[in-house]
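Chemist:
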Amino acid sequence: MSARILLAEDNQTLAQLLATFLREAGHEAAVAAGGGEALRLLAAGSFDLLVLDLNLPEISGVELLQKLRKSPRMNSLPVIIITGVYKGEKYAQAALKLGVRHYLEKPFTKEAFAAAVNDTLAAIAAAQRKPALLETLLAIYHQKKSGLLTIGASSTIAFVKGEPAAFDAAGKEDFPAFLLARGKINREDLQKFLESGAGRMFFTEAGMLTLDDLQSESYHFLMKTLLEHLQKTAAIGFDEAAAHPDPPLLHVSMPRLFYDAVRLYPEQFQPEEFLAHNAAFFPARTPLFYRLANLITMREKDILLLEKINGHRSVGELLHGNDSPLDAALFMKFLHSMAMIKLQSAPGAEALPGFFQKTLFNRPLDEGSVMDRCRSRRSASSRPSSASSRRSRTRIITPFSA
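The following block contains the structure:
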């Protein structure tokens, strides 16, 4: 995708270096040396992406970003932050709340900058097409939305605070047909249900299924429905009106559903694209990792890969020599989609649990406490071998810096 990109950077040497790099990649690049000039160019023209230094003269990058997010025309403009002043996790998190996908601290490498630009432009292209159910579900989950999801003529699914809680099968053939296929009811039972106009509780009230069986079958039906339609784009709708879940209530863990989806439908998660855009980034655990990790039963090979993620190894390094690089990329795509890891432009520390956690599941069996392991991993990552140190120094011989 060729894009029109504005570089708001007061260091002219760096600005011209970045502009040249973007033009060689096939993009159109304009440069603004101050916040005021950047604002005027944005108001006068149409840009696909803004690369923004936070420490600008006239109007600071922070103030400029706040103005953009309040503008009806430019509130959704994608932004990449570059900064040599505002460093650290708290600034990156503040930028994330303002819709910034990538936060690059100077000095950064050409590879990290290219990866940030490519990932952002890929997200723009994805947003221009109608979102698939997978993207809709991720948005519902991360934004903790409540409402009703429709998938064509299937039973309407009620979400409460980001997770499926029930589905309304009244008058629908999909759930009773599912029960029929599994040998739980017969054709006469199916017809009686449709004639009743009742919800799922009919099957228990009529003595066809025990309540435990009804809940179990409802859970399996809901998982099957969501998994099989992940790439569906037509007739997908979500109404954030108050949901009134039809009993019995269910609990479908979205992290578990997405983890299963990666294994069952790998092509829908595009591992090749993830590798192409993120090989130069450094995965690191987020605070959310510790909240969600215990909700999933991971495969042994995923656990072994997880042990290698420490904030100081790039995606490319983690996958080098892996017997199943696409499987490993799928697992990292899952972790990133769930915000369990962040992709850093440079090596850095991982987050620690922000709460007491006695045990972290999905670990090798012979390890100690959660906090001891986190401290050990952080300590080890801060003392790289001489060989890895040489590789690190070699990697940033020609950094983009101010």
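So the sequence shown is numbered by the working numbering: it starts at 5 and just counts up by one.
C-beta: ideal position from N, C-alpha, C; glycine also.
Expressed to the nearest angstrom, what Euclidean distance is found between the alpha-carbon atoms of residue 43 and residue 64?
Modeler: For residue 43 and residue 64, the distance between alpha carbons rounds to 11 Å.
Chemist: Going along the chain, which residues of its own chain have a beta-carbon closer than 6 Å to the beta-carbon of residue 219, five neighbours each way excluded?
Modeler: Taken in chain order, the residues that qualify are 252.
Chemist: Whose C-alpha, out of 40, 49 and 364, is nearest the C-alpha of residue 67?
Modeler: Minimum Cα distance to residue 67 is reached at 40.
Chemist: Less than 8 Å between the CB atoms is what I'm expecting for residue 291 and residue 358, so what's the real figure, rounded?
Modeler: At roughly 5 Å, the Cβ-Cβ gap stays under 8 Å, so residue 291 and residue 358 are in contact.
Chemist: For residue 365, count the other beta carbons within 10 Å of its own beta carbon; 16 or more makes it buried, fewer makes it exposed. Which is it?
Modeler: Its Cβ having fewer than 16 others within 10 Å, residue 365 is exposed.
Chemist: Using 8 Å as the threshold, is the C-beta distance between residue 313 and residue 345 below it?
Modeler: Against a cut-off of 8 Å, the Cβ pair of residue 345 and residue 313 comes out as a contact.
Chemist: Anyone know if the C-beta pair for residue 272 and residue 60 falls short of 8 Å?
Modeler: Not in contact: residue 272 and residue 60 (Cβ atoms no closer than 8 Å).
Chemist: Just to confirm the assignment, what range does the alpha helix (DSSP H) spanning residue 268 have?
Modeler: Start and end: 258–268.
Chemist: Quick check: what's the CA-CA separation for residue 387 versus residue 239?
Modeler: Residue confidence is low: residue 387 scores 49 on pLDDT, short of 50, so the model does not pin down where it sits. No coordinate-derived value is stated.
Chemist: Assuming residue 289 contacts residue 354 under a Cβ cut-off of 8 Å, what Cβ separation, rounded to an integer in Å, is found between them?
Modeler: Between residue 354 and residue 289 the Cβ distance is about 4 Å, and since that is below 8 Å, they are a contact.
Chemist: Among 81, 70 and 20, which one has its Cα closest to the Cα of residue 127?
Modeler: Out of 81, 70 and 20, 81 has the C-alpha closest to the C-alpha of residue 127.
Chemist: Using alpha carbons as the reference points, say which of 85, 107, 35 and 232 lies closest to residue 14.
Modeler: The residue with the shortest Cα to Cα distance from residue 14 is 35.
Chemist: Check whether the stretch 256–276 touches the stretch 175–190, counting contact only when three or more Cβ pairs, one atom from each stretch, lie closer than 8 Å.
Modeler: Touching, no, given that fewer than three Cβ pairs across the two stretches are closer than 8 Å.
Chemist: Looking at the secondary structure, which residues open and close the alpha helix (DSSP H) in which residue 291 lies?
Modeler: Segment 291–296, the alpha helix (DSSP H) holding residue 291.
Chemist: Starting from the C-beta of residue 236, find all residues in its chain whose C-beta is less than 6 Å away, skip the five residues before and the five after it, and write them out in chain order.
Modeler: Excluding positions up to five away in sequence, the list reads 137.
Chemist: Do residue 337 and residue 293 have their CB atoms nearer than 8 Å?
Modeler: It is not a contact, given that the beta carbons lie outside the stated cut-off.
Chemist: Give the secondary structure of residue 177 by DSSP, where H, G and I count as helix, E and B as strand, and everything else as coil.
Modeler: Residue 177 falls in the coil class under three-state DSSP.
Chemist: Round the Cβ separation of residue 242 and residue 144 to the nearest angstrom and send it over; I've been treating them as touching at under 8 Å.
Modeler: Yes, residue 242 and residue 144 are in contact; Cβ-Cβ is about 7 Å, under 8 Å.
Chemist: Can you give the Cα-Cα distance for residue 258 and residue 343, rounded to whole angstroms?
Modeler: Looking at the two C-alpha atoms, the distance is approximately 13 Å.
Chemist: According to DSSP, what are the bridge partners of residue 153?
Modeler: Paired residue(s): 161 and 242.
Chemist: Considering just the uninterrupted stretch of the alpha helix (DSSP H) at residue 218, what are its terminal residues?
Modeler: From DSSP, the alpha helix (DSSP H) with residue 218 extends over 215–232.
Chemist: Please confirm whether any heavy atom of the ligand ZN lies closer than 7 Å to the CB of residue 40.
Modeler: In the structure shown, the ligand ZN is absent, as is every other ligand, since no ligand is present at all.
Chemist: DSSP three-state call for residue 209: helix, strand or coil?
Modeler: If DSSP states are grouped into helix, strand and coil, residue 209 belongs with the helices.
Chemist: Among the residues of its own chain, which have a CB less than 7 Å from the CB of residue 115, if the five just before and after it don't count?
Modeler: Within the same chain, residue 115 has close Cβ partners 284.
Chemist: Check whether the Cβ atoms of residue 16 and residue 37 lie closer than 8 Å to each other.
Modeler: Contact flag set, yes.
Chemist: Assign residue 348 to one of two classes, buried (16 or more other C-beta atoms within 10 Å of its C-beta) or exposed (fewer than that).
Modeler: Burial call: buried.
Chemist: On the criterion of 16 or more Cβ atoms from any shown chain inside 10 Å, does residue 76 qualify as buried, or is it exposed?
Modeler: Exposed, by the Cβ-count rule.
Chemist: Which of the three DSSP states, helix, strand or coil, is assigned to residue 145?
Modeler: If DSSP states are grouped into helix, strand and coil, residue 145 belongs with the helices.
Chemist: Label residue 6 either buried or exposed according to how many other C-beta atoms from any shown protein chain fall within 10 Å of its C-beta, with 16 as the threshold for buried.
Modeler: It is exposed - the Cβ of residue 6 has fewer than 16 other Cβ atoms within 10 Å.
Chemist: Compare the Cα-Cα distances from residue 58 to each of 163, 171, 88 and 194 and report the closest residue.
Modeler: Looking at the Cα atoms, 88 is the closest of the given residues.
Chemist: Which two residues bound the contiguous beta strand (DSSP E) that contains residue 329?
Modeler: Where residue 329 is concerned, there is no enclosing beta strand (DSSP E), although the alpha helix (DSSP H) it sits in stretches over 329–341.
Chemist: Taking the beta strand (DSSP E) that residue 281 belongs to, which residues open and close that run?
Modeler: Unbroken run through residue 281 is the alpha helix (DSSP H), 275–282; no beta strand (DSSP E).
Chemist: May I have a chain-ordered list of the alpha helix (DSSP H) segments no shorter than 4 residues that lie completely inside the stretch 40–128?
Modeler: List check, alpha helix (DSSP H) in window: 65–74 and 93–101.
Chemist: Which class does residue 359 belong to by DSSP, given the choice of helix, strand or coil?
Modeler: In this structure, residue 359 counts as coil in the three-state DSSP scheme.
Chemist: Within 10 angstroms of its Cβ, does residue 315 collect 16 or more other Cβ (buried), or is it exposed?
Modeler: Buried.
Chemist: Around the Cβ of residue 276, are there at least 16 other Cβ atoms within 10 angstroms (buried) or fewer (exposed)?
Modeler: It is exposed - the Cβ of residue 276 has fewer than 16 other Cβ atoms within 10 Å.
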